[in-house]
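Trainee: So that you can map any letter, position 192 of the sequence shown is 191 in numbering that gives the first Met the number 0, and since no number is skipped, the others follow by simple counting. For every residue, glycine included, the Cβ atom is placed at its ideal position computed from N, Cα and C. Have a look at this one.
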Amino acid sequence: MTSGSINGQSVVFGYDALGRRTSGTFGGNRTDYWYDLTGLTRETGWAEVRYLRDPGGTPLSRNGGAGLYNYGRDRLGSTTALVTTGQTLANTYRYDPWGQSIGTSGTTYNPFQFTGVYLDSATGLYRMTHRSYGPASGRFTQLDPLPRSILDVNRYAYAGCNPANFVDPSGSLHGVVEVCAEDLSSGLDGGTADAG
Numbered sequence: 000m001t002s003g004s005i006n007g008q009s010v011v012f013g014y015d016a017l018g019r020r021t022s023g024t025f026g027g028n029r030t031d032y033w034y035d036l037t038g039l040t041r042e043t044g045w046a047e048v049r050y051l052r053d054p055g056g057t058p059l060s061r062n063g064g065a066g067l068y069n070y071g072r073d074r075l076g077s078t079t080a081l082v083t084t085g086q087t088l089a090n091t092y093r094y095d096p097w098g099q100s101i102g103t104s105g106t107t108y109n110p111f112q113f114t115g116v117y118l119d120s121a122t123g124l125y126r127m128t129h130r131s132y133g134p135a136s137g138r139f140t141q142l143d144p145l146p147r148s149i150l151d152v153n154r155y156a157y158a159g160c161n162p163a164n165f166v167d168p169s170g171s172l173h174g175v176v177e178v179c180a181e182d183l184s185s186g187l188d189g190g191t192a193d194a195g
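Right, here's the structure in full:
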């Protein structure tokens, strides 16, 4: 979507050649977005906020607006807390298995929530790399651009319909495969076997 109306407010979005949102105007307020190879690293709007990410793209900290905060995460990579440099909880987050918020506290701005993905406050959708995800419906809003096979009957499914164990941060099922491989690898590297 490049323009439209949400809750009676006009919205206009700009995108780069890779399909990443570079600007968004909602109700007359404009926000600009900057990226590097790891993902979104900076946004400006009501304040400038910069994000430090690990090489895999997971947000580690945010700086701007109200200060520097580090991210606390669960095993799926979902943000569970924003913590100040003085180790004080600023925000906390809880989700149902599909990513719908079931409890938050705090008022510090933070768009990276369920599985560490950007939650678009204007649309209520998570912006994955290749498509958007609706936590209320538990589905993507567009067809999977890279189906596993022609037999896939639900190309809108999130994380193979198993969100408690898998994530799909790209929106193209590659995330599901990567998490499976990562879990297998960590189990082989760190696990022990009991020969009985």
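Going by DSSP, which residues form a beta bridge with G102?
Mentor: R93, per the DSSP bridge assignment.
Trainee: Please tell me whether A46 and G63 are closer than 9 Å, where the distance is taken between their beta carbons.
Mentor: Yes, they are a contact pair.
Trainee: Applying the criterion that 16 or more other CB atoms from any shown protein chain within 10 Å of the CB defines a buried residue, is Q112 buried or exposed?
Mentor: Q112 should be labelled buried.
Trainee: Quick check on N161: buried or exposed, where buried means 16 or more other Cβ atoms within 10 Å of its Cβ?
Mentor: N161 is exposed by the Cβ-count criterion.
Trainee: Okay, do the stretch 4–14 and the stretch 95–110 touch, 3+ Cβ pairs below 8 Å being the bar?
Mentor: Contact between the stretch 4–14 and the stretch 95–110 is absent, because fewer than three Cβ pairs lie under 8 Å.
Trainee: Which first and last residues belong to the beta strand (DSSP E) in which W33 is found?
Mentor: Its beta strand (DSSP E) spans residues 28–35.
Trainee: So what does DSSP say about Y113, is it helix, strand or coil?
Mentor: In the sequence on display, residue 113 carries Phe and not Tyr. Helix at F113.
Trainee: At the level of alpha carbons, what is the spacing between G55 and Q99?
Mentor: Each residue's Cα considered, the two are about 24 Å apart.
Trainee: Using C-beta distances below 7 Å, list every residue in its chain close to T79, excluding the 5 sequence neighbours before and after it, in chain order.
Mentor: Contacts found: G71, R72, D73, T91, Y92.
Trainee: On the DSSP letters alone, give me the boundaries of the beta strand (DSSP E) that S22 sits inside.
Mentor: Residues 20–25.
Trainee: Checking the sheet assignment: what are the DSSP bridge partners for L67?
Mentor: Paired residue(s): N62.
Trainee: Applying the criterion that 16 or more other CB atoms from any shown protein chain within 10 Å of the CB defines a buried residue, is S184 buried or exposed?
Mentor: Reliability fails at S184, whose pLDDT of 46 lies under 50, so the model's placement of it is uncertain and no value is given.
Trainee: Please tell me whether P168 and G76 are closer than 9 Å, where the distance is taken between their beta carbons.
Mentor: Result yes, Cβ atoms of P168 and G76 sit closer than 9 Å.
Trainee: What residue from Y14, F25, G26 has the CA that sits closest to Y32's CA?
Mentor: It is Y14 whose Cα lies nearest to the Cα of Y32.
Trainee: Can you tell me where the beta strand (DSSP E) holding Q8 begins and where it ends?
Mentor: It spans 8–14 - the beta strand (DSSP E) in which Q8 sits, taken as one unbroken run.
Trainee: Please report the distance separating the alpha-carbon of R41 from that of G137.
Mentor: Rounded to the nearest angstrom, the two C-alpha atoms are 28 Å apart.
Trainee: In three-state DSSP terms, what is G159?
Mentor: G159: helix per DSSP, three-state reduction.
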